[in-house]
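Beneath this line is the structure, given in structure tokens, with notes to follow.
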Amino acid sequence: MVWTNEMDKCLTEVLAEQVKKGNKVDNILKPAAFAGALKTLNEKYGMYVTKGQIKNRLKTWRKQFGVLKELLAHTGFMWNETKKMVVADNSVWNDYIKVHPDARIFRAKSIENYDQLCTILGNDQAIASFSDNVTEIDVNFAVDKGDPDLAVVSEIQTDGNQTKCLRWTAEMDHWLGKILVEQVRRGLKVDKVLLTEAYDTAVSAINAKLGLHLTKCNLKYRLKTWKKQYELLKELLSHTGFKWDETKKMVIANESTWSDYIRVCVHIF
């Protein structure tokens, strides 16, 4: 079977939407995601695409993203969000391709569906993503803005002999999430580690935006909090009965499912 650019575009759009609906857990697409993709492709193109063919296409994408990930990890290469392509000086390209000929396909090549691919493939392969639903991620774990204990998180840190209390607001989380996602898209994350430039840019941008005086350490502490909360969220969504509502931006389930789960996992509540 020959995959055309149009079919690839359609498949990435459908699968990215399935991921946003919650049909992906621990970087594995659920059967519902494949079913949705098959229905759309076959109806649109009058074909009989199988689940196996879609899985084989995903294998190809993962292999190409592995090459792309290694490419962007090298000095001199960076992701241009406007052009949707990897950019570097000609001399840098020439030297790299001599050793890594597989990377030739990304030279002067626009990857229009890059964001969708990042969403589908997940953190293990994507150069610029959260995840699972992070092409336009709005990181905000403040569950209820009407509850000060949830909307504002306090973190204690020490500056010399002086102890300070930094209060993270929902607005701060909102902008920090957007800024860091943009840095990841630029290729400033390698092997799940944000590069120093990503932190420096985020500190400058959020301080300028909100008139604050945050430090790199403040951001790292906040990311630790996000990671803990995100692990709880992943665990929650891996259980039957829970799913992500993309419209409401929340986890949904019926009352009995919530009650049974919270009884065992009080930390979620």
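The sequence shown begins at 1 in UniProt numbering and counts up one residue at a time. Using N, Cα and C, we set each Cβ at its ideal position, and we do this for glycine too. This structure is a prediction, so every number in the text was calculated from the model and none was measured.
Open item on the list: Does the contact criterion of 3 or more C-beta pairs under 8 Å hold for the region 38–49 versus the region 97–117?
Closed with: no
Open item on the list: On a Cα-Cα basis, can you pick out the residue from Y199, T240, L212, L121 that is closest to M172?
Closed with: L212
Task: Ranges of the beta strand (DSSP E) found wholly within the region 48–132, counting only runs of at least 3 - done: 78–80, 85–87
Task: Segment contact flag, the region 178–190 with the region 201–210, C-beta cutoff 8 Å, min 3 pairs - done: yes
Task: Cα-Cα separation, L194 to K216 - done: 12 Å
- [ ] Compare the C-alpha of residue 280 against each of F77, N218, K243, K192 and name the closest.
- [x] With the chain represented from 1 up to 269, any question about residue 280 goes unanswered, as that position is not in the structure.
Open item on the list: DSSP has D245 in a bridge; who is on the other side?
Closed with: M250
TODO: Pick helix, strand or coil for L15, following the three-state DSSP scheme.
DONE: helix
TODO: Could you tell me which of D102, L214, V25, L38 sits nearest to D8, measuring between CA atoms?
DONE: L38
Task: Nearest to W61 (by Cα), restricted to the options A35, Q116, A33 - done: Q116
Task: Secondary structure of K30, DSSP reduced to three states - done: coil
- [ ] Report, in whole angstroms, the separation of the C-beta atoms of D26 and S259, which I expect to be a contact under 8 Å.
- [x] Actually they are not in contact, since the Cβ atoms of D26 and S259 sit about 25 Å apart, beyond 8 Å.
Open item on the list: Taking a contact to mean a Cβ-Cβ separation below 8 Å, would you say I120 touches T247 in this structure?
Closed with: no
Task: Outcome for C265 when other beta-carbon atoms lying within 10 angstroms are tallied against a minimum of 16 - done: exposed
Task: Residue range of the unbroken alpha helix (DSSP H) whose run includes N218 - done: 216–237
Open item on the list: Measuring only the C-alpha atoms, how far is K84 from K109?
Closed with: 8 Å
Task: Rounded separation between I179 and N207 - CA only - done: 11 Å
Open item on the list: For a test of the three-state rule: what should DSSP assign to V25, helix, strand or coil?
Closed with: strand
Task: Supposed contact pair Q18 and A33 - C-beta distance, whole angstroms, cut 8 Å - done: 4 Å
- [ ] Note down, in chain order, each residue of its chain lying with its Cβ closer than 7 Å to the Cβ of E81, except the 5 sequence neighbours on either side.
- [x] R185, R186
Task: Separation of S91 from G22, as counted between CA atoms - done: 43 Å
Task: C-alpha distance - I111 paired with N56, whole-angstrom precision - done: 20 Å
TODO: Have a look at Q64 and Y261 and give me their C-alpha separation to the nearest angstrom.
DONE: 40 Å
Task: Close beta carbons around V67, own chain, < 7 Å, minus the five adjacent residues each side - done: D102, A103
- [ ] For the alpha helix (DSSP H) holding G177, just list the boundary residues, first then last.
- [x] 170–185
Task: Sheet register partners of K189 (DSSP bridge) - done: L194
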